[in-house]
Amino acid sequence: MRAEVVVIGGGITGVATAYFLAERGFSRVVVFERSYLGSGSTFKCAGGIRASFTSREHIVLMKRSIELWGELSKRLCIKYARSGYLWLAGREDDLEKLRKYSSIHNQFGVNTRFMEPGEVKEVAPALDTSRLLGALYDPLAGKASPFDAVHKLYLASREMGVEYRFEEVRRILVEGGAVRGVASDSGTMEAENVVVAAGVWSKQLLESLGISLPLEPEPHHAAITEEYGRLFDPLIIDLESGAYAVQTFHGHVLMGVEIPEQPCWEPGERLAFLSKVVRVWSKWLPWLPSVNILRYWVGHYEVTPDHHPVLGPVDSIENLFVATGFSGHGFMMGPVVGEELASWIASGAPRTEEAAHLTLRRFEEGKLIRELAVIG
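Counted from 1, the sequence shown has number 210 at position 210 by the UniProt record's numbering; the numbering is strictly sequential.
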């Protein structure tokens with residue numbers, strides 16, 4: 001079999017890309033996943049979705065992604081809700097940051113608004129606001145279930161003819177400056193196009209072709225509590241610490257907080273994380289110490305120097321595409337990235353000008369993009 005497109009990686013980016021390729025009429029799309037779908041970063045993420053960033057690229061693409069999340073949730077019955085984001089400020093400096101962020105958001109049609117402490121209770125009644133100076137609320141933002149999203153996109157894409165192979169791609173085959181196929185555990189497969197959407201593992205695949213990808217694995221810790229009654233709808237961010245908390249569709253509270261660690265594969269700050277996450281969130285959620293933590297895990301962001309993804313074709317090898325480096329925002333961007341890549345492969349150009357700014361070339365040309373709101 002000769003594939004029209006081989007997608008390497010079965011996380012949200014890979015399955016969404018396969019879905020949109022099939023929707024465009026590609027009949028020979030093959031996804032390779034070395035473990036199980038979502039096994040990399042996707043199933044370890046919080047599921048937050050927002051367009052409340054500060055770069056044009058993030059905002060424009062995420063506004064479209066939010067539209068797609070809404071469409072896909074109706075079409076495929078994915079668990080998704082526009083339940084909001086709430087950024088908490090307990091310091092005067094943070095208030096100024098939030099006002100600055102909101103001004104940028106509003107310029108791009110993302111209608112975030114500043115809230116006084118008394119107003120916050122309307123969207124998060126379980127919060128203790130006694131130490132709160134103010135908050136930024138994003139009603140356009142929301143959350144989706146990573147497990148449900150990947151599963152439903154997988155089923156829908158498979159019904160449209162996408163093939164899934166659960167084996168590792170060892171090499172990308174190149175001949176005459178163009179992609180020829182891939183070599184996997186079971187042999188070789190010819191392909192007209194190859195998409196590398198393997199998260200942190202994308203780096204080694206591209207480096208084997210002599211392509212330098214500025215990407216580092218950054219460990220991030222998370223914990224989830226037992227199921228609880230409905231406490232708050234928005235994903236909540238403590239701006240001072242970078243901590244986030246979200247109540248899942250089943251009532252569990254999923255929490256994360258930044259712990260200083262070097263880029264690595266074996267993070268060792270478990271006790272520091274658990275201590276800090278409870279300390280931070282007990283300030284805002286005073287009932288938290290009485291709730292049991294069920295599970296703890298570590299996932300990895302694939303981080304680029306400017307916290308924006310690497311997206312689109314690789315100049316040095318024809319018909320080789322990459323989608324990685326999302327720096328903690330890959331799940332929320334999944335649908336729009338799939339749509340943009342499908343457009344790129346089908347027509348030779350992305351849907352939007354902003355996507356074209358995200359190619360690997362920007363690092364070679366020194367055209368990095370600035371993003372202020374990289375947490376949560």
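Just so it is clear, CB atoms sit at the ideal spot from N, CA and C, and this is done for glycine as well.
Best match in the options for proximity to residue i [C-alpha to C-alpha]
{"i": "Leu-9", "options": "Leu-37, Met-189, Arg-24 and Leu-133", "result": "The question names Leu, but residue 9 is Gly in the sequence shown. Of Leu-37, Met-189, Arg-24 and Leu-133, the residue nearest in Cα terms is Leu-37."}
{"i": "Asn-106", "options": "Gly-118, Leu-127 and Tyr-137", "result": "Tyr-137"}
{"i": "Thr-13", "options": "Arg-362, Leu-368, Ala-342 and Gly-330", "result": "Gly-330"}
{"i": "residue 381", "options": "Ala-46, Thr-17 and Ser-52", "result": "The structure shown does not extend to residue 381, since the chain is modelled only from 1 to 376, so the question has no answer here."}
{"i": "Glu-92", "options": "Ser-102, Leu-72, Ala-135 and Ser-73", "result": "Ala-135"}
{"i": "Trp-69", "options": "Gly-334, Ser-347 and Ile-369", "result": "Gly-334"}
{"i": "Glu-168", "options": "Val-196, Glu-71, Val-280 and Glu-226", "result": "Val-196"}
{"i": "Ala-198", "options": "Glu-23, Val-374 and Ser-39", "result": "Ser-39"}
{"i": "Trp-281", "options": "Gly-48, Ile-49 and Leu-132", "result": "Leu-132"}
{"i": "Arg-170", "options": "Leu-153, Met-62, Lys-203 and Lys-152", "result": "Lys-203"}
{"i": "Gly-328", "options": "Glu-340, Gly-338, Glu-339 and Pro-309", "result": "Pro-309"}
{"i": "Lys-367", "options": "Tyr-154, Ala-178, Glu-339 and Glu-57", "result": "Glu-57"}
{"i": "Glu-116", "options": "Leu-274, Leu-311, Asp-185 and Leu-88", "result": "Leu-88"}
{"i": "Glu-226", "options": "Leu-72, Ile-293, Arg-279 and Glu-71", "result": "Ile-293"}
{"i": "Arg-230", "options": "Ala-178, Ala-126 and Glu-159", "result": "Ala-126"}
With 16 other Cβ atoms within 10 Å as the buried cut-off, status of residue i
{"i": "Asn-111", "result": "exposed"}
{"i": "Glu-365", "result": "exposed"}
{"i": "Gly-256", "result": "buried"}
{"i": "residue 397", "result": "Since the first residue shown for the chain is 1 and the last is 376, residue 397 is missing from the structure and cannot be characterised."}
{"i": "Glu-302", "result": "buried"}
{"i": "Ser-52", "result": "buried"}
{"i": "Met-1", "result": "exposed"}
{"i": "Ala-243", "result": "buried"}
{"i": "Trp-201", "result": "buried"}
{"i": "Thr-17", "result": "buried"}
{"i": "Phe-166", "result": "exposed"}
{"i": "Asp-44", "result": "It is worth fixing the name first, because residue 44 is Lys in this sequence and not Asp. By the 10 Å Cβ count, Lys-44 comes out buried."}
{"i": "Lys-74", "result": "exposed"}
{"i": "Lys-121", "result": "exposed"}
{"i": "Glu-340", "result": "buried"}
{"i": "Ser-347", "result": "exposed"}
{"i": "Asp-238", "result": "buried"}
{"i": "Ser-186", "result": "exposed"}
{"i": "Gly-177", "result": "exposed"}
{"i": "Leu-184", "result": "The amino acid occupying residue 184 in the given sequence is Ser; Leu does not appear at that position. That one is buried."}
{"i": "Gly-109", "result": "exposed"}
{"i": "Gly-118", "result": "exposed"}
Contacts around residue i, its chain only, beta-carbon distance under 8 Å, and the 5 residues preceding and following it disregarded
{"i": "Val-174", "result": "Arg-180, Leu-209, Ile-317 and Leu-320"}
{"i": "Asp-128", "result": "Lys-283, Trp-284, Leu-285 and Pro-286"}
{"i": "Tyr-228", "result": "Gln-247, Gly-251, His-252, Val-253 and Val-291"}
{"i": "Val-277", "result": "His-221, Ala-223, Ala-243, Met-255, Gly-256 and Val-257"}
{"i": "Thr-188", "result": "Leu-173, Gly-181 and Val-182"}
{"i": "Glu-207", "result": "Leu-213"}
{"i": "Ile-211", "result": "Val-314, Ser-316, Ile-317 and Leu-360"}
Proximity below 8 Å, CB of residue i to CB of residue j
{"i": "Gly-25", "j": "Ala-81", "result": "no"}
{"i": "Pro-139", "j": "Gly-90", "result": "no"}
{"i": "Leu-360", "j": "Val-336", "result": "no"}
{"i": "Ala-355", "j": "Arg-295", "result": "no"}
{"i": "His-300", "j": "Pro-217", "result": "yes"}
{"i": "Thr-352", "j": "Gly-325", "result": "no"}
{"i": "Ile-59", "j": "Ala-144", "result": "no"}
{"i": "Thr-42", "j": "Leu-372", "result": "no"}
{"i": "residue 395", "j": "Ile-345", "result": "The first residue shown for the chain is 1 and the last is 376, placing residue 395 beyond what the model contains."}
{"i": "Leu-205", "j": "Ile-259", "result": "no"}
{"i": "Phe-32", "j": "Ala-342", "result": "no"}
{"i": "Glu-240", "j": "Asp-94", "result": "yes"}
{"i": "Met-4", "j": "Arg-28", "result": "Checking the displayed sequence, the identity of residue 4 turns out to be Glu instead of Met. Contact: yes."}
{"i": "Lys-104", "j": "Met-332", "result": "It is worth fixing the name first, because residue 104 is Ile in this sequence and not Lys. Against a cut-off of 8 Å, the Cβ pair of Met-332 and Ile-104 comes out as no contact."}
{"i": "Val-150", "j": "Pro-219", "result": "no"}
{"i": "Ala-124", "j": "Pro-234", "result": "yes"}
{"i": "Arg-113", "j": "Ser-130", "result": "no"}
6 Å Cβ shell around residue i - same chain, five flanking residues per side excluded
{"i": "Ile-236", "result": "Leu-86 and Ala-245"}
{"i": "Val-6", "result": "Val-30, Val-182, Ala-191 and Val-194"}
{"i": "Pro-313", "result": "Phe-321"}
{"i": "Phe-363", "result": "Pro-214"}
The ligand PLP heavy atom lying under 7 Å from the CB of residue i
{"i": "Glu-167", "result": "The ligand PLP is not among the ligands present in this structure, which contains no ligands whatsoever."}
Own chain, CB closer than 7 Å to residue i, minus 5 neighbours either side, in chain order
{"i": "Arg-64", "result": "Val-336"}
{"i": "Leu-271", "result": "none"}
{"i": "Phe-249", "result": "Lys-79 and Ser-145"}
{"i": "Ala-156", "result": "Tyr-19 and Leu-76"}
Contact belief for residue i with residue j at Cβ below 8 Å, rounded distance in angstroms
{"i": "Gly-161", "j": "Ala-22", "result": "6 Å"}
{"i": "Val-15", "j": "Leu-153", "result": "4 Å"}
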